[in-house]
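Per the working numbering, residue 460 is the first one in the sequence shown, and the count goes up by one each step.
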Amino acid sequence: MKRLLPLSRYTVLDLTLARAGPTAVRLLSDWGANVIRVEPPINTGTSSSGLTKDRKTPDSQNLHRNKRSITINLKTQKGKALFMSLASQADVIVENFRAEVKHRLGIDYDSVKRVNQAVIYASISGFGQTGPYSNRPGVDQVVQGTSGLMSITGEPGKGPMRAGIAISDTSAGMFLGQGILLALIHREQTGEGQWVHTSLLESMLCKIDFQGARYTMNGEIPAQEGNNHPTNAPMGVFEVTDGQVNLAASSPKMFKSFCQVMNLPELLEDERFSTFENRFLNRDQLWELVNNVTRNFSTSELVEKLNAVGCPCGPIYNIGEAFEDIQARHLKMQKSVSHKTLGTLNLVRSPINLTAFQDLDEFDRPGPELGEHTEEILLEMGFKQKEINSLRDEHAI
Numbered sequence: 460m461k462r463l464l465p466l467s468r469y470t471v472l473d474l475t476l477a478r479a480g481p482t483a484v485r486l487l488s489d490w491g492a493n494v495i496r497v498e499p500p501i502n503t504g505t506s507s508s509g510l511t512k513d514r515k516t517p518d519s520q521n522l523h524r525n526k527r528s529i530t531i532n533l534k535t536q537k538g539k540a541l542f543m544s545l546a547s548q549a550d551v552i553v554e555n556f557r558a559e560v561k562h563r564l565g566i567d568y569d570s571v572k573r574v575n576q577a578v579i580y581a582s583i584s585g586f587g588q589t590g591p592y593s594n595r596p597g598v599d600q601v602v603q604g605t606s607g608l609m610s611i612t613g614e615p616g617k618g619p620m621r622a623g624i625a626i627s628d629t630s631a632g633m634f635l636g637q638g639i640l641l642a643l644i645h646r647e648q649t650g651e652g653q654w655v656h657t658s659l660l661e662s663m664l665c666k667i668d669f670q671g672a673r674y675t676m677n678g679e680i681p682a683q684e685g686n687n688h689p690t691n692a693p694m695g696v697f698e699v700t701d702g703q704v705n706l707a708a709s710s711p712k713m714f715k716s717f718c719q720v721m722n723l724p725e726l727l728e729d730e731r732f733s734t735f736e737n738r739f740l741n742r743d744q745l746w747e748l749v750n751n752v753t754r755n756f757s758t759s760e761l762v763e764k765l766n767a768v769g770c771p772c773g774p775i776y777n778i779g780e781a782f783e784d785i786q787a788r789h790l791k792m793q794k795s796v797s798h799k800t801l802g803t804l805n806l807v808r809s810p811i812n813l814t815a816f817q818d819l820d821e822f823d824r825p826g827p828e829l830g831e832h833t834e835e836i837l838l839e840m841g842f843k844q845k846e847i848n849s850l851r852d853e854h855a856i
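Laid out in structure tokens, this is it:
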């Protein structure tokens with residue numbers, strides 16, 4: 460008999476769009492929650508949610524696996540009543556509308572709380588639920604700039620640079636997922652539901668971590684450092700015969716190991732590099748000296764040589780090489796799901812490993828088509844086929 464996953468007793472209503480909200484919900488669906496995507500029917504004219512986009516893309520399948528989909532027109536009286544009926548039985552509701560939208564629709568936390576005191580209502584916005592920017596639309600590209608991330612990314616003097624992924628979306632999603640789990644634990648202890656919320660901006664100001672603390676503690680404004688570490692040396696990208704590698708030899712022990720294995724006793728004796736602080740102050744000269752040595756080795760030679768003495772060094776892969784690396788394959792980061800028209804799909808699994816659940820080789824279900832499970836869910840709720848047909852005729856579903 461298949462073991463129940465940790466979140467299997469929870470029902471989650473997923474009102475989310477784009478990436479941040481779905482990332483949070485994916486954390487719950489991957490670990491067994493009964494997730495129901497609540498989406499507007501196409502005939503409502505809604506376009507911003509990407510409802511008419513191909514649901515068979517890698518992005519859609521990776522974001523929305525393990526979920527079911529029901530269509531509900533929240534702008535109709537019967538549609539809103541249907542949603543509230545679902546909400547009354549839900550453990551968690553997740554949304555990432557602009558701050559005012561849920562209030563305009565009448566599905567905000569206070570409204571839902573009237574029918575379900577114990578509900579965990581979870582929200583992601585661009586800039587926060589209150590404040591001067593709260594009603595602004597927020598997307599990753601904009602928040603990467605607003606959070607300061609782009610000012611510390613890229614080569615010095617070449618202008619701001621965005622990160623290569625939607626990092627504020629995925630960060631906010633992961634933080635909200637954590638918040639939902641905290642709220643569920645709190646409810647187990649007290650019986651209380653609550654509103655959990657974060658934003659892309661809050662998540663990124665937290666995500667920049669010590670770079671932010673350099674400012675909050677000391678008033679220091681970090682700058683772009685390219686591929687170099689902002690405070691450690693030598694740590695960065697160095698040339699090899701077949702490309703480039705990442706190398707980190709900044710601690711006293713690692714630097715000594717590096718110099719010994721690379722036969723560079725003169726660097727250990729050089730006053731410019733004798734301390735952690737001196738190595739950072741003279742890092743440009745140190746980079747040149749180190750690079751002149753690394754360029755005599757291939758990637759595989761240098762990676763093996765340095766890691767053998769405890770000095771971190773690794774290849775710089777493209778995405779395909781990263782997933783096909785022997786360690787990534789050993790970790791089984793690709794996980795399959797069966798799709799009725801696409802066949803077997805390989806998606807990216809959750810990075811969380813639980814020893815009680817080591818045999819989860821496949822996802823339960825692929826990402827759903829729009830409204831694919833509407834009738835199934837309504838029948839589970841006790842609706843008769845005649846009632847379902849009536850709701851459809853009245854454009855409530």
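Note that the Cβ used here is the ideal one computed from N, Cα and C, for glycine as well.
Contact check, residue i vs residue j, beta carbons under 8 Å
i      : j      : result
Ala540 : Val571 : no
Val551 : Tyr469 : yes
Ala682 : Pro693 : no
Leu706 : Cys772 : yes
Asn888 : Glu559 : Only positions 460 to 856 of the chain appear in this structure, which leaves residue 888 out of reach.
Gly652 : Thr482 : no
Arg524 : Gly826 : yes
Lys537 : Ala815 : no
Asn532 : Gly480 : no
Ala577 : Val471 : no
Glu684 : Pro615 : yes
Glu831 : Ser795 : no
Val807 : Gln786 : no
Gly587 : Leu660 : yes
Ser610 : Pro619 : yes
Cβ separation of residue i and residue j, assumed to be a contact under 8 Å, to the nearest whole Å
i      : j      : result
His658 : Val699 : Contrary to the premise, residue 658 reads as Ser rather than His in this sequence. At roughly 42 Å, the Cβ-Cβ gap does not stay under 8 Å, so Ser658 and Val699 are not in contact.
Asp628 : Arg496 : The pair is not a contact, with the Cβ atoms about 17 Å apart (cut-off 8 Å).
Ile579 : Val655 : 6 Å
Gly597 : Gly585 : 1 Å
Glu498 : Ser544 : Going by Cβ atoms, the distance from Glu498 to Ser544 rounds to 17 Å, so no, they are not a contact pair.
Residue i versus the options, residue with shortest Cα-Cα distance
i      : options                           : result
Gly769 : Gln793, His523, Met713 and Ser733 : Met713
Ser488 : Asp852, Gly841, Ser809 and Thr814 : Ser809
Leu564 : Lys534, Glu554 and Gln648         : Lys534
Ser467 : Glu834, Gly480, Val494 and Phe717 : Val494
Arg462 : Leu829, Ala855 and Asp823         : Asp823
Ser519 : Arg742, Leu643, Asn805 and Ala707 : Asn805
Ser759 : Val704, Thr475 and Arg514         : Val704
Phe739 : Leu838, Pro689, Lys764 and Glu780 : Pro689
Gln637 : Met620, Lys617, Pro619 and Ser662 : Ser662
Thr589 : Ile566, His562 and Glu831         : His562
Glu747 : Phe697, Lys512, Gly702 and Gln648 : Phe697
Lys512 : Leu723, Glu828 and Asp743         : Glu828
Status (buried if at least 16 other CB within 10 Å, exposed otherwise) for residue i
i      : result
Glu853 : exposed
Thr753 : buried
Met721 : buried
Thr530 : buried
Leu790 : exposed
Lys526 : buried
Asp567 : buried
Phe732 : buried
Asn848 : exposed
Arg573 : exposed
Asn766 : exposed
What beta strand (DSSP E) runs, 3 residues minimum, are completely inside the region 761-793? 772-774
Complete runs of the beta strand (DSSP E) confined to the region 617-663 [at least 3 residues]: 653-658
Write down every uninterrupted run of the alpha helix (DSSP H) in the region 548-610 whose length is 4 residues or greater and which is fully enclosed by it, in chain order. 560-564, 568-572 and 599-605
Which runs of the alpha helix (DSSP H) at least 4 residues long sit entirely within the region 702-767? Give them in chain order. 711-720, 724-728, 735-740, 742-753 and 758-766
Whole alpha helix (DSSP H) elements within the region 664-688, 4-residue minimum: 669-677
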